[in-house]
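Undergrad: Note that our numbering has the sequence shown beginning at 204, numbered continuously upward. Have a look at this one before I ask anything.
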Amino acid sequence: LCLFRIVPQPGVDPIEAAAAVAGESSTATWTVVWTDLLTACDVYRAKAYFVEEVPNKPDEFFAFIAYECDLFEEGSIANLTASIIGNVFGFKAVKALRLEDMRIPYAYLKTFLGPATGVIVERERMDCFGRPLLGATVKPKLGLSGKNYGRVVYEGLKGGLDFLKDDENINSQAFMRWRERFLYVMEGINKAVAKTGQVKGSYLNVTAATMEDMYERAEYARSIGSVIVMIDLVIGYTAIQSMGIWARKADMILHLHRAGHSTYTRQKTHGINFRVICKWMRMSGVDHIHAGTVVGKLEGDPNAVKGFYDTLLLTSLKEDRSLGIFFDMDWASLRKCLPVASGGI
């Protein structure tokens, strides 16, 4: 089940707009063709089953649309998104369109692996219970040499942090190549562990131009003793799932930086609600995801952020529109995904 926020074009009936969205995101096309008779269109066609006006927004409507599960390839976020958000956001019948929430069926959820490590195992690995894990980002995020970068990691971890992290745009630039950074960071971690007697870590960003490069960097991080690697949302759904599978096999924690999400989540009438991204990423296999915070430098509504955290941490969801949760949903025993309070506390 999907909930879309629809702003119809002037003169377009909202029910007609909802039906058009349902058709365009399933079996329909711009004209009737004779090959429609060769398939069970009545089965595979999405159905807009309820339309209601958004409270206090007379030009906006919530459209509830149901999809047949057989429309989607098992275990594939790429195929799921190609169907539901593939073409429909450029549709003429709507002025603006936003995917607000989804209810993914139990049977379809079971085709995904979910988080590689999960919250409980991570806390056991970090030997940290009864309090939040405390982390920070190395600053300045660009321009430091590898040696100075490692020094910042050491000072932060020695000072009481559990984790330091690379920022989203630290990959392998001329001022600091990835292998140099990894070695100096691990040196800082090992010194901090020896100094404090506590388990420490740093998110090593393995984001790269190709999957081959990412696998190479992730394997190297594991070989020198890192417990966690990091990727950016901008690498795409298939790459994220691939890294989730790698992390599960390698017994590594996988952190996802949500770099780029605001290009389609920040607008209130067009794009995708970040709650939906949280669901897709928990299915994809990441252990951490930046989920916003109510304070700090980044935009965030308190109730919406709580809804994101609940989506990532609860084993089942109950409808609560005050938090932006529109559907009851069971997580089918997929592990919990740890929300990271991003943007400064």
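Cβ atoms here follow ideal geometry from the backbone N, Cα and C, with glycine treated the same way.
Answer with buried or exposed for lysine 521, where buried requires no fewer than 16 other C-beta atoms within 10 angstroms of its C-beta.
TA: The residue in question, lysine 521, is exposed, as its Cβ has fewer than 16 Cβ neighbours within 10 Å.
Undergrad: So alanine 535 packs on lysine 313, CB below 8 Å; how close in whole Å?
TA: The pair is a contact, with the Cβ atoms about 5 Å apart (cut-off 8 Å).
Undergrad: Cα-Cα, which of Glu358, Gly317, Phe385 is closest to valine 396?
TA: Measuring from the Cα of valine 396, the nearest candidate turns out to be Glu358.
Undergrad: In terms of alpha-carbon separation, which member of Tyr387, Val432, Asp370 lies closest to serine 348?
TA: For the residues Tyr387, Val432, Asp370, the minimum Cα distance to serine 348 belongs to Tyr387.
Undergrad: DSSP state of alanine 395, grouped into three classes?
TA: Residue state, collapsed to three classes: helix.
Undergrad: Quick one: Cα of aspartate 533 to Cα of threonine 518, how far?
TA: Roughly 6 Å between the two C-alpha positions.
Undergrad: Have a look at serine 445 and isoleucine 392 and give me their C-alpha separation to the nearest angstrom.
TA: Looking at the two C-alpha atoms, the distance is approximately 27 Å.
Undergrad: Is aspartate 369 buried or exposed, if buried means 16 or more other CB atoms sit within 10 Å of its CB?
TA: The residue is buried, with at least 16 neighbouring Cβ atoms inside 10 Å.
Undergrad: Measure the alpha-carbon distance for leucine 367 versus alanine 281 and round it to whole angstroms.
TA: Answer to the nearest angstrom: the Cα atoms are 31 Å apart.
Undergrad: Any idea what DSSP makes of glutamate 271, helix, strand or coil?
TA: Of the three classes helix, strand and coil, the one that applies to glutamate 271 here is coil, per DSSP.
Undergrad: Using DSSP bridges, identify the partner residues of leucine 336.
TA: According to DSSP, leucine 336 bridges with nothing at all.
Undergrad: Using a threshold of 8 Å, state whether the C-beta atoms of glycine 321 and lysine 482 are closer than that.
TA: Cβ distance not < 8 Å, so glycine 321 and lysine 482 don't count as in contact.
Undergrad: So what's alanine 251 in DSSP terms, helix, strand or just coil?
TA: Here alanine 251 sits in strand by DSSP.
Undergrad: Kindly confirm or deny that the stretch 337-351 and the stretch 239-254 touch, where touching means at least three C-beta pairs closer than 8 Å.
TA: With a cut-off of 8 Å, the stretch 239-254 and the stretch 337-351 do not count as touching, because too few Cβ pairs lie within range.
Undergrad: Between proline 213 and alanine 220, which are expected to be in contact by the criterion C-beta below 8 Å, what is the C-beta distance as a whole number of angstroms?
TA: Actually they are not in contact, since the Cβ atoms of proline 213 and alanine 220 sit about 11 Å apart, beyond 8 Å.
Undergrad: Taking just the CA atoms, how far does glutamine 401 sit from threonine 410?
TA: Answer to the nearest angstrom: the Cα atoms are 28 Å apart.
Undergrad: Rounded to whole angstroms, what is the Cα-Cα separation between cysteine 272 and threonine 514?
TA: Straight-line Cα distance between these residues: approximately 21 Å.
Undergrad: Rounded to whole angstroms, what's the CA-CA distance from alanine 494 to leucine 302? Just pull it up for me.
TA: So the two alpha carbons sit approximately 18 Å from each other.
Undergrad: Please list the segments of the beta strand (DSSP E) lying wholly inside the stretch 282-338, counting only runs of 3 or more residues, in order along the chain.
TA: Counting only runs of 3 or more, we get 297-305.
Undergrad: What do you get for glutamate 277, buried or exposed, if any count of 16 or more other CB atoms within 10 angstroms of its CB means buried?
TA: Result: exposed.
Undergrad: Buried or exposed: which applies to leucine 436, given that a residue is buried once 16 or more other Cβ atoms fall within 10 Å of its Cβ?
TA: Per the 10 Å Cβ criterion, buried.
Undergrad: Please report how far the alpha carbon of alanine 307 lies from the alpha carbon of leucine 204, in whole angstroms.
TA: First, the amino acid is wrong: residue 307 is isoleucine here, not alanine. Each residue's Cα considered, the two are about 7 Å apart.
Undergrad: Please list, in chain order, all residues of the same chain as alanine 462 whose beta carbon is under 6 Å from its beta carbon, the five residues on each side excluded.
TA: Excluding sequence neighbours, alanine 462 sits near Glu371, Asp435, Leu436, Val437.
Undergrad: Would you mind reading off the limits of the alpha helix (DSSP H) that contains cysteine 205?
TA: That residue, cysteine 205, is in no alpha helix (DSSP H); its beta strand (DSSP E) goes 205-211.
Undergrad: Identify the continuous beta strand (DSSP E) that holds leucine 541 and give its terminal residues.
TA: Taken as a continuous stretch (DSSP letters only), the beta strand (DSSP E) holding leucine 541 covers 541-543.
Undergrad: Applying the 10 Å Cβ sphere with the 16-neighbour rule, what's the burial state of leucine 345?
TA: By the neighbour-count rule (16 or more Cβ atoms within 10 Å), leucine 345 is not buried but exposed.
Undergrad: Look at the Cβ atom of asparagine 476, then the Cβ atom of aspartate 262, and state whether they are nearer than 8 Å.
TA: Contact: no.
Undergrad: Only counting the same chain, and skipping five residues up and downstream in sequence, which positions put a Cβ closer than 6 Å to that of alanine 251?
TA: If we look at alanine 251 and ignore the five residues flanking it on each side, its Cβ neighbours are Ala221, Ala222, Ala225, Ala266, Ile268.
Undergrad: Excluding the five sequence neighbours on either side, which residues of its own chain have a C-beta within less than 6 Å of the C-beta of valine 508, listed in chain order?
TA: Result list for valine 508: Gly495, Val497, in chain order.
Undergrad: I need the boundaries of the beta strand (DSSP E) containing lysine 368, first residue and last residue.
TA: Here the beta strand (DSSP E) through lysine 368 covers 366-368.
Undergrad: Any idea what DSSP makes of proline 343, helix, strand or coil?
TA: Proline 343 falls in the coil class under three-state DSSP.
Undergrad: By how many angstroms is the C-alpha of asparagine 374 removed from the C-alpha of alanine 421?
TA: Alanine 421 and asparagine 374: Cα-Cα distance of roughly 12 Å.
Undergrad: Please name the residue or residues paired with glycine 404 in a DSSP beta bridge.
TA: According to DSSP, glycine 404 bridges with Phe366.
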